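Report on the following structure.
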Amino acid sequence: MIAKIQNFQIDLSKPIDISIPLSNTDKNPIAWYIKKPEIEPVVFGDWIGKVSEGSSTNFNNIFFNPHGHGTHTECLGHITREFYSINQCLKQFFFTAELISITPENINGDLVITKKQIQSHFVISTQEKLHAQIDNPQALIIRTLPNSESKKHKNYSKTNPPYLSEEAAIYIREIGIQHLLIDLPSVDREEDEGKLLAHKAFWNVKDVNNLNDDARLNCTITEMIFVEDTVQDGSYILNLQIASFENDASPSKPILFKISEF
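First residue of the sequence shown? That's 50 in the numbering used here, and the numbers climb one at a time after it.
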């Protein structure tokens, strides 16, 4: 099936899934010091919700944390005193997007994605701009290098993973990016004394207790994605899918589509 969005055409039969599946195995990625997800059949006395145990259906309970167990999309309610739901903040699901690859810089022993690195992907010559498919993308997808398959299964707890500098997050906000996607457990440092500088900068949250009028309620951050090496940097259409949880975050399934003009 071919769909036309703005001046672009995408083939809906060729999705590029950049989410990480959630499972109850040791291969499930983990962050924030928690245990792996639980997926277990319901038990009522002698009855077990599992066909192989004699039930007519498989009937599982699932216990997981969206922030720590895989690909998830969050709204500014993740850091505010007042409750905000990703299900209420995210009302559109297709966006123009740019995929870039970055090797974080070693700064005082930390691996950091800097403003200069982000900026270098957007400051392009006039000639290059004539051939760019998207001038002002709504979403930015950051693939960190090296891009090991271990990202799909890693326990990130107490490893101080790479993160985004506050200046980089401000720059991303200032160039109009509404949806930020990254293959790390957080845009912020694992242990930062609760400062959450990149989260606050991207959402323009100046006071978590009294939300400012110009905070970015309709913008999202998606963490713990994985983009295969075979997917080239460049312009795409993003379909950002979430489950309808009334929560600050939801497990999500971001899908990319290659684009062509028509």
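Don't be surprised by glycine CBs; every beta carbon is placed ideally from N, CA and C. Keep in mind it's a predicted model, so treat the numbers as computed, not measured.
Endpoints, beta strand (DSSP E) assigned at residue i
{"i": "Q58", "result": "F57 to D60"}
{"i": "Y285", "result": "G283 to I291"}
{"i": "I274", "result": "Counting along the chain, I274 falls outside any beta strand (DSSP E), and DSSP gives it neither H nor E."}
{"i": "R192", "result": "A188 to T193"}
{"i": "E147", "result": "F143 to I151"}
{"i": "L125", "result": "Unbroken run through L125: none, as it is neither H nor E."}
{"i": "L246", "result": "First-last for L246: L246 to W252, but that is the alpha helix (DSSP H), not the beta strand (DSSP E)."}
{"i": "D159", "result": "D159 to I162"}
{"i": "N155", "result": "E154 to I156"}
{"i": "H4", "result": "Because the chain spans 50 through 311 in this model, residue 4 falls outside it and cannot be assessed."}
First and last residue of the uninterrupted alpha helix (DSSP H) at residue i
{"i": "N136", "result": "I135 to C138"}
{"i": "I219", "result": "E215 to E223"}
Coarse secondary structure for residue i, derived from DSSP in three states
{"i": "K84", "result": "coil"}
{"i": "V172", "result": "coil"}
{"i": "V100", "result": "helix"}
{"i": "K63", "result": "coil"}
{"i": "F112", "result": "strand"}
{"i": "S199", "result": "helix"}
{"i": "I79", "result": "strand"}
{"i": "I167", "result": "helix"}
{"i": "D297", "result": "coil"}
{"i": "T269", "result": "strand"}
{"i": "Y212", "result": "strand"}
{"i": "F132", "result": "coil"}
{"i": "L260", "result": "coil"}
Straight-line Cα distance separating residue j from residue i
{"i": "A298", "j": "M273", "result": "13 Å"}
{"i": "V172", "j": "N107", "result": "53 Å"}
{"i": "G94", "j": "T208", "result": "42 Å"}
{"i": "E123", "j": "D263", "result": "18 Å"}
{"i": "I88", "j": "L266", "result": "33 Å"}
{"i": "I219", "j": "V254", "result": "11 Å"}
{"i": "L246", "j": "S104", "result": "50 Å"}
{"i": "T279", "j": "R222", "result": "28 Å"}
{"i": "S206", "j": "D232", "result": "15 Å"}
{"i": "P64", "j": "I304", "result": "6 Å"}
{"i": "Q58", "j": "I286", "result": "9 Å"}
{"i": "Q227", "j": "P186", "result": "9 Å"}
{"i": "I135", "j": "G126", "result": "8 Å"}
Buried versus exposed call for residue i [16 or more other C-beta atoms within 10 Å across all chains shown]
{"i": "S320", "result": "Residue 320 lies beyond the residue range present for the chain, which begins at 50 and ends at 311; the question has no answer from this structure."}
{"i": "N77", "result": "buried"}
{"i": "F271", "result": "The sequence shown places Thr at residue 271, not Phe. It is buried - the Cβ of T271 has at least 16 other Cβ atoms within 10 Å."}
{"i": "K249", "result": "buried"}
{"i": "G158", "result": "exposed"}
{"i": "T152", "result": "exposed"}
{"i": "V236", "result": "buried"}
{"i": "W252", "result": "buried"}
{"i": "E240", "result": "exposed"}
{"i": "D112", "result": "According to the sequence shown, residue 112 is Phe rather than Asp. Exposed: under 16 other Cβ atoms inside 10 Å."}
{"i": "T145", "result": "buried"}
{"i": "P195", "result": "exposed"}
Closest by C-alpha distance to residue i, when choosing among the options
{"i": "I156", "options": "L125, R238 and N110", "result": "R238"}
{"i": "S293", "options": "F142, I162, A188 and P210", "result": "F142"}
{"i": "N258", "options": "T129, F57, I59 and W96", "result": "T129"}
{"i": "I317", "options": "P210, K164, D278 and T279", "result": "Only positions 50 to 311 of the chain appear in this structure, which leaves residue 317 out of reach."}
{"i": "T193", "options": "H228, L287 and I149", "result": "I149"}
{"i": "K85", "options": "C138, K99 and P115", "result": "P115"}
{"i": "K140", "options": "T269, Q281 and E277", "result": "T269"}
{"i": "L189", "options": "G283, K244 and K302", "result": "G283"}
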